[in-house]
Amino acid sequence: MVHYFDNNATTAVVPEAVAAMEPYFRADFGNPSSPHILARRPALAVASARASLAELAGVAPDQLVFTSGGTEGNALAVWGWLRSGGLRDEVVVSAVEHASVLAWRERLAEAGYTVRVAPVVRSGALDLAALAGLIGPRTALVSVMLANNETGVVYPVKKIAEWAHAAGARMHTDAAQAIGRIPVHLAALGVDAATGCAHKMHGPKGVGFLYLRDAAGWRSGLMGGGQEFGRRPGTEPVSLIAGFGAAADQASAWLRARGDVAMAERRDAFEAWVVASVPGASVIGRGEPRLPNTSLLWLPGRETEVVLAALDMAGVACSSGSACASGAHEPSHVLAAMGWAAARGAVVRISAGRMTTDEDYAALREAFTAVLARLPQGS
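Residue numbering for the sequence shown follows numbering that gives the first Met the number 0, beginning at 0 and increasing consecutively.
What follows is the structure, given as structure tokens:
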């Protein structure tokens with residue numbers, strides 16, 4: 000049996016989402032934009048899913064556009080606002096953004112933009128004074144994620160949006176890791192755009208959303224039909240969208256029952272055990288506002304790849320950070336930005352999901368005990 004602790008990379012699909020998808024592969028296969036009877040149920044499924052996600056995210060349904068996932072949503076958000084033109088030629092991002100945002104730096108530079116990168120401190124928190132100093136009269140867009148995928152640290156996006164708007168800039172947040180894990184009200188955050196994806200919240204891979212507070216001035220980079228209010232053309236993947244909506248309903252119910260609080264209690268108990276049991280171990284980001292499911296552990300005197308391989312052999316699936324850097328043996332850009340790259344030790348990310356049980360955590364502690372006994376410091 001494998002005990003899965005890599006939910007920040009992807010999550011298992013809840014049974015309710017699987018059941019919601021099935022009809023649209025078979026009897027209800029029609030194109031939701033068609034004018035006949037076989038289109039009606041697919042069209043209703045898309046509308047219902049949009050309403051479910053709007054409730055979860057705290058927005059109006061017509062402010063949500065379905066996409067293929069977080070990467071596409073981030074690209075549409077960034078370029079959609081920059082295409083509106085104007086004399087502003089600077090973009091501000093944090094040093095720990097997801098690769099789907101940071102990877103645009105070279106392309107933005109080619110397009111004539113200056114990308115200013117806000118630093119973070121060793122705990123993973125943003126250096127807010129430095130960030131505020133980067134936002135000015137030439138800033139076109141600020142993009143700061145709502146929660147970091149490696150550390151779980153949650154950022155003060157509402158405050159940053161206020162700074163951006165005071166300077167006349169737009170604000171985007173990548174909310175993929177936060178939606179469905181903590182209460183999120185995008186409208187209250189004041190952001191102009193936000194992105195999310197289903198597979199981080201126990202929905203299917205291949206579908207996400209782009210939130211636009213007000214699409215006036217935003218220009219889509221895609222051409223085609225008039226689907227998704229003309230903002231993201233292409234035939235909607237009804238089955239995936241239906242699964243996304245069902246996953247959103249389940250996440251909303253879980254949050255109303257304060258499942259996030261129980262999840263944080265399990266995380267805290269595990270972290271306390273690690274710090275007490277492993278000499279010199281520390282939890283990166285501990286003490287900062289964090290997602291309730293994420294623990295980024297630093298284990299001194301050990302090698303990350305060796306520890307992860309040993310845990311895998313012991314039946315525990317986890318990672319060292321972002322799955323986008325899978326196979327890389329160098330510290331991630333997040334760890335480098337935080338000043339952990341030169342520290343000699345193993346970095347292990349433990350990320351739970353709604354399906355994670357007390358038995359899983361018990362097995363995790365047992366595996367850690369056995370693995371670290373075989374791999375003393377210096378191994």
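Glycine included, every Cβ here is placed at the ideal spot set by N, Cα and C. Since this is a predicted model, take the numbers as computed values, not measurements.
- A direct Cα-Cα distance of roughly 31 Å separates V190 from M20.
- DSSP lists no bridge partner for R137.
- When secondary structure is reduced to three states using DSSP, S331 falls in the coil class, being assigned neither helix nor strand.
- Taking every protein chain shown into account, the CB of D248 has 16 or more other CB atoms within 10 angstroms, so this residue is buried.
- The beta carbons of S219 and L75 sit closer together than 8 Å.
- The Cβ atoms of V273 and N147 do not sit closer than 8 Å to each other.
- Positions of the beta strand (DSSP E) runs, each at least 3 residues long and wholly inside the region 90-127, are given as 113-117 in order along the chain.
- Boundaries of the alpha helix (DSSP H) around H164: V156 to A165.
- Apart from sequence neighbours up to five positions away, no residue of its chain approaches A341 with a beta-carbon distance below 6 Å.
- Contact between H198 and V13 is ruled out by a C-beta separation of about 12 Å, above the 8 Å threshold.
- The three-state secondary structure of F228, taken from DSSP, is helix.
- Under the 8 Å Cβ criterion, the region 207-217 does not count as touching the region 358-365, having fewer than three qualifying pairs.
- Here DSSP, grouped into helix, strand and coil, assigns G284 to coil.
- Closest option to R121, judged by alpha-carbon separation, among V77, G284, P299 and A59: G284.
- Partner residues in the beta bridge of I349, as assigned by DSSP, are S294.
- Boundaries of the beta strand (DSSP E) harbouring F65: L63 to T66, taken from the DSSP string.
- Here R257 is exposed. Its C-beta has fewer than 16 other C-beta atoms within 10 Å.
- Excluding sequence positions up to five before and after A16, its CB lies within less than 6 Å of the CB of G202, G242, A245 and A246, all in the same chain and listed in chain order.
- Secondary structure note for R40: its alpha helix (DSSP H) is the uninterrupted segment I36 to A56.
- Burial is judged here by how many other beta carbons sit within 10 angstroms of a residue's own beta carbon; P330 has at least 16 and is buried.
- The DSSP-derived three-state label of P375 is coil.
- Residues E270, V273, V274, S294, L295, L296 and W297 of the same chain have their beta carbon placed closer than 8 Å to that of V282, with the five preceding and five following residues left out of the count.
- DSSP places H201 outside both helix and strand once states are collapsed to three, so it counts as coil.
- Between the beta-carbon of F24 and that of S238 there is about 6 Å, and that keeps the pair under the 8 Å contact cut.
- Sequence-distant Cβ neighbours of V260 in its own chain, meaning closer than 8 Å and more than five residues away, are P291.
- With a cutoff of 8 Å on beta-carbon distance, A174 and A193 are scored as near each other.
- DSSP places T194 in the uninterrupted beta strand (DSSP E) bounded by A192 to C196.
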